Amino acid sequence: MQSAQDGISLTVLRRYFSVIIPANLIWEFAHMPLYTIWNEGTWGEIVFAAVHCTSGDILIAMSALMLALMLTGRGWPFVALTRRSVTVLTVVFGLGYTLFSEWLNIVIRAAWAYSDLMPIIPVLDAGLSPVLQWIVIPLIAFWWASRPFSGHGNT
């Protein structure tokens, strides 16, 4: 028999994506000057890049969350330990994919490039802004999404 804690709250998913979608769109536009397209592209290309990248961000966020839920999501969001596990795994998966994608698209495909303004993380040789994007935004989204449940399941 399935208990209420076996299910996933659609409210939490809606709250999560109500942060993920607009925050990533804002972040994409805000960090655009850190990429060469800001100086080399037309306004149409810049807008297309930001919207295109936001679409990818949504897919990354969805995939990372679903993978985390499949691995450790029993009782999410009702159980505090599960909320933490899902949050950590989602951030790790999203960040891992982002690091791979930055490397693939900058080094291998040369599909985009950082401007001189982009702070680079030395060991990772990746831009600081996309790395922070996949730490800050999901953490805020999970905080907002799980607020209604933060008093529940603290076992």
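Everything in the sequence shown is counted per the working numbering, starting at 1095 for the first residue and increasing by one.
Glycine included, every Cβ here is placed at the ideal spot set by N, Cα and C.
None of the values given here were measured: they were computed from a predicted structure.
In the DSSP assignment, A1235 falls within the unbroken alpha helix (DSSP H) covering L1222 to S1240. Between L1211 and P1127, the alpha-carbon positions lie close to 8 Å from each other. Residue range I1131 to E1134 is occupied by the alpha helix (DSSP H) that includes N1133. Annotated as proximal: W1228 and T1192, with beta-carbon spacing under 7 Å. Pairwise C-beta distances place the stretch 1160-1178 in contact with the stretch 1230-1241, as three or more of them are shorter than 8 Å. By the neighbour-count criterion, in which a residue is buried when 16 or more other Cβ atoms sit within 10 angstroms of its Cβ, T1148 is buried. The beta carbon of Y1110 lies closer than 6 Å to those of A1235 and A1239 in the same chain, with the five residues before and after it left out.
With contacts defined by Cβ atoms closer than 7 Å, P1213 and L1226 do not form a contacting pair. Judged by their CB atoms, A1207 and T1130 are nearer to each other than the 7 Å cut-off. Distance from A1220 to G1188 at the Cβ level is roughly 14 Å; contact not present, criterion being Cβ atoms closer than 8 Å. Excluding five sequence positions before and after T1181, the CB atoms of its chain that fall closer than 6 Å to its own CB belong to F1236, given in chain order.
Between F1123 and A1144, the C-beta spacing is below 7 Å. I1202 sits exposed, since fewer than 16 C-beta atoms from the chains shown fall within 10 Å of its C-beta.
Between E1196 and P1224, the C-beta spacing is below 7 Å. At the C-beta level, I1114 and A1162 stay beyond 7 Å of one another.
Considering only L1153, S1209 and V1106, the residue with the shortest C-alpha distance to E1134 is S1209.
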